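Number of protein chains: 2
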Amino acid sequence: MSNLDAAFSALADPTRRAILARLALGEATVMELVEPFEMTQPAISRHLKVLEGAGLILRRVEGTKRPCRLAPTAVAEIDEWLGMLRKTLTANYNRLDDVLAAMKTEE
Amino acid sequence: MSNLDAAFSALADPTRRAILARLALGEATVMELVEPFEMTQPAISRHLKVLEGAGLILRRVEGTKRPCRLAPTAVAEIDEWLGMLRKTLTANYNRLDDVLAAMKTEE
DNA sequence: CAGTTATATAACTAACTTATTATATAACCG
DNA sequence: CGGTTATATAATAAGTTAGTTATATAACTG
Numbered sequence: 155m156s157n158l159d160a161a162f163s164a165l166a167d168p169t170r171r172a173i174l175a176r177l178a179l180g181e182a183t184v185m186e187l188v189e190p191f192e193m194t195q196p197a198i199s200r201h202l203k204v205l206e207g208a209g210l211i212l213r214r215v216e217g218t219k220r221p222c223r224l225a226p227t228a229v230a231e232i233d234e235w236l237g238m239l240r241k242t243l244t245a246n247y248n249r250l251d252d253v254l255a256a257m258k259t260e261e
Numbered sequence: 155m156s157n158l159d160a161a162f163s164a165l166a167d168p169t170r171r172a173i174l175a176r177l178a179l180g181e182a183t184v185m186e187l188v189e190p191f192e193m194t195q196p197a198i199s200r201h202l203k204v205l206e207g208a209g210l211i212l213r214r215v216e217g218t219k220r221p222c223r224l225a226p227t228a229v230a231e232i233d234e235w236l237g238m239l240r241k242t243l244t245a246n247y248n249r250l251d252d253v254l255a256a257m258k259t260e261e
């Protein structure tokens, strides 16, 4: 599975996006991440594994705890790929602008 | 399923990303999209349905053909969500810069 | 109109995902 | 040391996905 596969597929799950949103506020342990969800600890542990595998989060070992935080390079690769689409879409918008401009001129 | 669920989950498949990349070059019919892949036409038709459902592509009817193109608003919503992470990650980078700066001062 | 082309849909299968419960491991606390 | 806390792993059930083949539909073409 490519990194992009893993990253996009990790982001496809709302629980995982919520975890990332929580981590955007700062580091959190597994139990801290379990708390806000109506879901068991093993389920969250698995989501964390998926996020880690996708390179979206990092974990430290701190005694019996495993605090998680966002991976600094997380968004870069995704952005790079989206940039390819963005470029075209912007071009399309511009073309649309041209059309609209032409219509205005014709008025 | 939220739009973001659908969008990210559509992007998680490499065939679908390849289709989007192809459409970034311009409109294409279903058979034109089938051609470069080692996959049957029904399989591609399904991928197109997923992409359409996620709001990533649009289709016209043109006689017996159904040309596809990128949806202009495709990337916007995704970007909006990623922006949330980007913000934090930038902040983290800045904090790292601070640390590095501090280390340098101590030398 | 008959045949062909473009596309969609259905039925099915294999593989993967997500959640659960039960259990293991390992560090911490008194 | 013994109990508790934090986390991971395994087994399993349910649901979803992605592909296949076979077939339907509908528009073009001679």
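Residue numbers (my numbering), protein chains in the order written: chain A, 155 to 261; chain B, 155 to 261.
All C-beta atoms in this analysis are idealised placements derived from N, C-alpha and C, irrespective of residue type, glycine included.
The structure presented is a predicted model; accordingly, all values stated were derived computationally and were not measured.
Are the beta-carbon atoms belonging to residue i and residue j less than 8 Å from one another?
{"i": "T242 of chain A", "j": "L224 of chain B", "result": "yes"}
{"i": "C222 of chain A", "j": "L179 of chain A", "result": "no"}
{"i": "L210 of chain A", "j": "V229 of chain B", "result": "no"}
{"i": "F162 of chain B", "j": "A166 of chain A", "result": "yes"}
{"i": "P168 of chain B", "j": "D159 of chain A", "result": "yes"}
{"i": "L187 of chain B", "j": "I198 of chain B", "result": "yes"}
Considering only C-alpha positions, which residue in the set the options is nearest to residue i?
{"i": "R170 of chain B", "options": "B:L179, B:R200, B:V215, B:W235", "result": "B:R200"}
{"i": "T218 of chain A", "options": "A:E192, A:A161, A:T194, A:M185", "result": "A:M185"}
Could you give the distance in angstroms between the alpha-carbon of residue i and the alpha-carbon of residue j?
{"i": "R220 of chain B", "j": "E181 of chain B", "result": "10 Å"}
{"i": "N157 of chain B", "j": "V215 of chain A", "result": "36 Å"}
{"i": "Q195 of chain A", "j": "L202 of chain A", "result": "10 Å"}
{"i": "G207 of chain B", "j": "R240 of chain A", "result": "19 Å"}
{"i": "M193 of chain B", "j": "A164 of chain B", "result": "17 Å"}
{"i": "T183 of chain B", "j": "F191 of chain A", "result": "44 Å"}
{"i": "A245 of chain B", "j": "T227 of chain A", "result": "13 Å"}
{"i": "E189 of chain B", "j": "M238 of chain A", "result": "22 Å"}
{"i": "A175 of chain B", "j": "E231 of chain B", "result": "18 Å"}
Of all Cβ atoms in chain A, is any one closer than 8 Å to the Cβ of residue i?
{"i": "T242 of chain B", "result": "yes"}
{"i": "M193 of chain B", "result": "no"}
{"i": "P190 of chain B", "result": "no"}
{"i": "L174 of chain B", "result": "yes"}
{"i": "P168 of chain B", "result": "yes"}
{"i": "P221 of chain B", "result": "no"}
{"i": "L205 of chain B", "result": "no"}
{"i": "A178 of chain B", "result": "yes"}
Residues bridged to residue i by DSSP?
{"i": "E216 of chain B", "result": "B:K219"}
{"i": "I272 of chain B", "result": "Chain B is shown from 155 up to 261; residue 272 of chain B falls before or after that span and cannot be answered."}
{"i": "L224 of chain B", "result": "B:I211"}
{"i": "A160 of chain B", "result": "In the DSSP output, where bridge partners are listed per residue, A160 of chain B has none listed."}
{"i": "A182 of chain A", "result": "A:C222"}
Using 8 Å as the limit for Cβ to Cβ distance, is residue i near chain B?
{"i": "L212 of chain A", "result": "no"}
{"i": "I198 of chain A", "result": "no"}
{"i": "L165 of chain A", "result": "yes"}
{"i": "V229 of chain A", "result": "yes"}
{"i": "L187 of chain A", "result": "no"}
{"i": "L202 of chain A", "result": "no"}
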